[in-house]
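**Student:** Starting off with a structure, shown below.
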Amino acid sequence: MKKLIASLMVLSMVLVGCSGSNKKTEIALITDSGGINDKSFNQSAWEAVKEYGEKNDKGYKYYKPASFDDEGYKKQIKSAVKNGAKIVVLPGFKFANAMGDIQEDKTYKDVKFVCIDFTPTKKDAAVDPAENVYCASYKEQQPGYLAGYAAVKDGYTKLGFMGGISLPAVINYGYGYLQGANDAAKELNKKITVNYTYTGTFNESPSIKTQATAWYNGGTEIIFSCGGQICNSVFAAAEDTKKFSIGVDSDQKDDSKTVVTSALKNVKQTVADQITAVYDNKFKGGAYVLDASGSYIGLSSDFSRFKTFKKADYEAEYAKIKDGTTKILTHSDDESAKGNPNKTVKLKAALTNVTVKFEG
Amino acid sequence: MNIVYFLFAQTLLFAIPLMIVALGGMFSERSGVVNLALEGIMIIGGFSGIFYMNFMQTNDIMHGMPLLFTALLVSAAVGCLFSMLHAFAAVNLRADQTISGTALNMLGPALGIFIAKTLQDGQQNIGFTNEFRISSVPVLSDIPVLGDLFFKNFYITTFIAIAILIISYFFLMKTKTGLRIRSCGENPQAADAAGISVYKIRYLGVGLSGILGGMGGLIYILPISTEFTCSVDGYGFLALAVLIFGNWAPLRIAGAAFFFGITKTLAYAYGSVPFLAHLALPDTVYKLIPYVATLILLAFTSKNSAAPRADGVPYDKSKR
Chain F
2 MKKLIASLMV LSMVLVGCSG SNKKTEIALI TDSGGINDKS FNQSAWEAVK
52 EYGEKNDKGY KYYKPASFDD EGYKKQIKSA VKNGAKIVVL PGFKFANAMG
102 DIQEDKTYKD VKFVCIDFTP TKKDAAVDPA ENVYCASYKE QQPGYLAGYA
152 AVKDGYTKLG FMGGISLPAV INYGYGYLQG ANDAAKELNK KITVNYTYTG
202 TFNESPSIKT QATAWYNGGT EIIFSCGGQI CNSVFAAAED TKKFSIGVDS
252 DQKDDSKTVV TSALKNVKQT VADQITAVYD NKFKGGAYVL DASGSYIGLS
302 SDFSRFKTFK KADYEAEYAK IKDGTTKILT HSDDESAKGN PNKTVKLKAA
352 LTNVTVKFEG
Chain R
972 MNIVYFLFAQ TLLFAIPLMI VALGGMFSER SGVVNLALEG IMIIGGFSGI
1022 FYMNFMQTND IMHGMPLLFT ALLVSAAVGC LFSMLHAFAA VNLRADQTIS
1072 GTALNMLGPA LGIFIAKTLQ DGQQNIGFTN EFRISSVPVL SDIPVLGDLF
1122 FKNFYITTFI AIAILIISYF FLMKTKTGLR IRSCGENPQA ADAAGISVYK
1172 IRYLGVGLSG ILGGMGGLIY ILPISTEFTC SVDGYGFLAL AVLIFGNWAP
1222 LRIAGAAFFF GITKTLAYAY GSVPFLAHLA LPDTVYKLIP YVATLILLAF
1272 TSKNSAAPRA DGVPYDKSKR
């Protein structure tokens, strides 16, 4: 029995332990619990790391922390640096506390950190990023706006929005979505209704599926699923009722045939640009809010699942966001509404052609 | 009428897995072993079933109904194996059953995630394609009312679950083995004196809970998702509540599961029921319905509650 257990443990270590290449590892990616095939931030960041590493013959590797908490992340960052990493990519807000501690440690001041979608925190209180720390966050309202605009332009009149937990990022997606739908409705002189809710969780569940199915059966044609794994339940409901959905953060078209498009944050480009900047000695730390002006947000490049909406329409609208003609209200314009669009003063006034049915 | 069909279909979504898992728990508890591990068993059962399904689908080996049935068998087998850990601790080692159950609840998701990540190069979620929904069957779907209720856009698992309910009822209430299970839960000493092996019967009880719990995990995840993330959202614990609410008896468990299913459905789909939607109450009120209703019903019915008398008490031969 003991021998069996021992050999099993050895086997598991062998299986877990092998990844990456032999050159001195200069570019390191630390994954969170999702792993590099999560169809989301980890995967996009890894693609960028890998591409750069292969093209420029640099050693690259991804590390999976042994435990997915602040201590585990810190340990993994330290051992990555010990193995020669000059650039460490951290995809996702879960690294915020670990980064806050690491950046204070002078041992790591020559290592460049690329933080995706978060800024460092100390015990959950925000702190300024150090000079060697680049923090990217995104204007979620812009891809949200584009998604809503595209959906209405494509002929949908009954929309749905299911957010995860009502955090600013999720709320901004939702607000953008409503305003995009509104602007398209104005152009087409239509009236749009939107069912709108926050599920209170980022995990799939029968409740979410029931709610989504109820919406679809009540006439909703397309739901923007905006919050981690809840998309699984929304997609399942869409498949059952033969309706449509919109993905979020990464291109989710492979997850379900019902996904018409996805509202994207271009993590891959962000990481690629920063790695290039480091090797060109142009790297500058700090907190950056990325948006349409650098093409860091957008919709999926595949437009084949739209009925009438064309890439040209999208690009025209994109240009308007880019040059600032289109103004989008966000959570910070009225924080007291706590994500309920019907309780916002400015947003509600702006939504002339959209009726929001808020559940939550 | 469409609303009724829709609400019924959604009710099944909640009620069917709850019922199967609660029935599993019933066998275990009626034989005298408290089974808190239902959550863990569901997870590990769902995990193995989906993992098998993923393998078969990606390699194009098997599809459709044969795949569903074999996946159910895999889930049942792994669930049974997993529950044996609980049986060993509870029966042979006479451990505190609450603790070993809790241990399995912690082990289940951890083991699932570990295996998934090890075998899938770090990927925790296991995807699957839902190809098991039957949109209609000839003749049966054309029956008025019943056809719409049961034979349109349905899952075969609904009927498997109903069959399991009927079999469970007859097995527990009408067969010799069923009587033995019940006697071991009420008075194991007397059962032992009558020549029944309490250990074997309790192993059987826990094993059945593993089989049904494992199947329940797969049945739970199939209609509601496109991948399995090693979580069943607390449905194992809900099933325990259904088991107690259903007074450890098969038909009442079925009733309790459906009651819970209906209230849960109304809590999330009230928007499409004109009568409820017009009330225009805050969302939270609707979400409270299942729990408030359960509390009220329990307050009225718990007087007649009849937990197996030896439930949770390890059997010790020397303490006759």
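Taken in order, these protein sequences are the chains called F and R. Every position in the first sequence, counted from 1, becomes a number in this note's numbering once 1 is added. Every position in the second sequence, counted from 1, becomes a number in this note's numbering once 971 is added. Backbone N, C-alpha and C fix where the C-beta goes; we use that ideal spot for every residue, glycine too.
Can you find a C-beta in chain R that's less than 8 Å from the C-beta of residue 33 of chain F?
**Tutor:** no
**Student:** Using the beta-carbon of each residue, which ones in chain R are nearer than 7 Å to residue 207 of chain F?
**Tutor:** 984, 985, 1195, listed in chain order.
**Student:** Taking the beta strand (DSSP E) that residue 300 of chain F belongs to, which residues open and close that run?
**Tutor:** 298–300
**Student:** Are the CB atoms of residue 1008 of chain R and residue 1075 of chain R within a distance shorter than 8 Å?
**Tutor:** yes
**Student:** With 16 other CB atoms within 10 Å as the buried threshold, where does residue 233 of chain F fall?
**Tutor:** Here residue 233 of chain F is buried, its C-beta having at least 16 other C-beta atoms within 10 Å.
**Student:** In angstroms with no decimal places, state the Cα-to-Cα distance between residue 286 of chain F and residue 197 of chain F.
**Tutor:** 38 Å
**Student:** Can you tell me which of the three DSSP states residue 22 of chain F falls into?
**Tutor:** With a pLDDT of 46 at residue 22 of chain F, under the threshold of 50, the predicted position of this residue should be treated as unreliable, though the coordinate-derived value follows. Three-state result, residue 22 of chain F: coil.
**Student:** Please determine, among F:223, F:171, F:254, F:216, the residue with the shortest C-alpha to C-alpha distance to residue 138 of chain F.
**Tutor:** F:171
**Student:** Under 8 Å between C-beta atoms, does residue 237 of chain F make it to chain R?
**Tutor:** yes
**Student:** Measuring alpha carbon to alpha carbon, tell me which of F:346, F:321, F:343 ends up nearest residue 146 of chain F.
**Tutor:** F:321
**Student:** Let me know the secondary structure DSSP gives residue 306 of chain F once reduced to three states.
**Tutor:** In the structure shown, residue 306 of chain F sits in coil (DSSP, three-state: anything other than H, G, I, E or B).
**Student:** At 3 residues or longer, what runs of the beta strand (DSSP E) sit wholly inside the stretch 84–119 of chain F?
**Tutor:** 88–92, 113–117
**Student:** Would you mind stating whether residue 343 of chain F and residue 355 of chain F have Cβ atoms separated by less than 8 Å?
**Tutor:** No, Cβ-Cβ distance for residue 343 of chain F and residue 355 of chain F is not below 8 Å.
**Student:** Counting only the same chain and skipping the five closest in sequence on each side, list residues whose C-beta sits under 7 Å from that of residue 1233 of chain R.
**Tutor:** 982, listed in sequence order.
**Student:** Measure from the alpha carbon of residue 237 of chain F to the alpha carbon of each residue in R:1196, R:1217, R:1246, R:1211, then state which is nearest.
**Tutor:** R:1196
**Student:** Output needed for residue 36 of chain F: all residues of its chain with C-beta closer than 8 Å, excluding positions within five of it in sequence on either side, in chain order.
**Tutor:** 43, 65
**Student:** Could you give the DSSP three-state label for residue 145 of chain F: helix, strand or coil?
**Tutor:** helix
**Student:** Under the assumption that residue 87 of chain F contacts residue 27 of chain F (Cβ atoms under 8 Å), give the Cβ distance between them as a whole number of angstroms.
**Tutor:** With a contact defined as Cβ atoms closer than 8 Å, residue 87 of chain F and residue 27 of chain F qualify at about 5 Å.
**Student:** Is residue 330 of chain F helix, strand or coil when you go by DSSP?
**Tutor:** coil
**Student:** Under 7 Å between beta-carbons, which chain R residues line up against residue 230 of chain F? List them in chain order, please.
**Tutor:** 1200
**Student:** Can you pull the chain F residues whose beta carbon is under 7 Å from the beta carbon of residue 1236 of chain R, in chain order?
**Tutor:** 211
**Student:** Are there three or more Cβ pairs, one per stretch, closer than 8 Å when the stretch 1216–1236 of chain R is compared with the stretch 1137–1145 of chain R?
**Tutor:** Flag = yes, the stretch 1216–1236 of chain R and the stretch 1137–1145 of chain R touch.
**Student:** Does residue 1276 of chain R come out as helix, strand or coil in the three-state DSSP assignment?
**Tutor:** coil
**Student:** Does the CB of residue 90 of chain F have a neighbour CB from chain R at under 8 Å?
**Tutor:** It does not; no Cβ of chain R falls within 8 Å.
**Student:** Can you confirm whether residue 257 of chain F, when its beta carbon is compared against all beta carbons of chain R, has any partner nearer than 8 Å?
**Tutor:** yes
**Student:** Return the CA-CA distance between residue 1002 of chain R and residue 1214 of chain R, expressed in angstroms with no decimal places.
**Tutor:** 14 Å
**Student:** Using DSSP with H/G/I as helix, E/B as strand and the rest coil, what is residue 122 of chain F?
**Tutor:** strand
**Student:** For residue 215 of chain F, which residues in chain R fall below 7 Å Cβ to Cβ?
**Tutor:** 1239, 1240, 1242, 1243
**Student:** Under the three-state reduction of DSSP, which class applies to residue 224 of chain F: helix, strand or coil?
**Tutor:** strand
**Student:** Under DSSP, the alpha helix (DSSP H) around residue 1071 of chain R begins and ends at which residues?
**Tutor:** 1068–1090
**Student:** Would you say residue 39 of chain F faces chain R, with C-beta separation under 8 Å as the test?
**Tutor:** With a threshold of 8 Å between beta carbons, residue 39 of chain F makes contact with chain R.
**Student:** Three or more C-beta pairs under 8 Å: does that hold for the stretch 290–307 of chain F against the stretch 81–95 of chain F?
**Tutor:** No contact exists between the stretch 290–307 of chain F and the stretch 81–95 of chain F.
**Student:** Between the C-alpha atoms of residue 254 of chain F and residue 221 of chain F, what's the straight-line distance to the nearest angstrom?
**Tutor:** 20 Å
**Student:** Using CA coordinates, which residue listed in F:323, F:277, F:310, F:130 is at the minimum distance from residue 58 of chain F?
**Tutor:** F:277
**Student:** Using the Cβ count rule (16 or more neighbours within 10 Å means buried), how would you classify residue 362 of chain F?
**Tutor:** Residue 362 of chain F lies beyond the stretch modelled for chain F, which goes from 2 to 361, so this question has no answer here.
**Student:** Answer yes or no: does any C-beta atom of chain R fall closer than 8 Å to that of residue 343 of chain F?
**Tutor:** no
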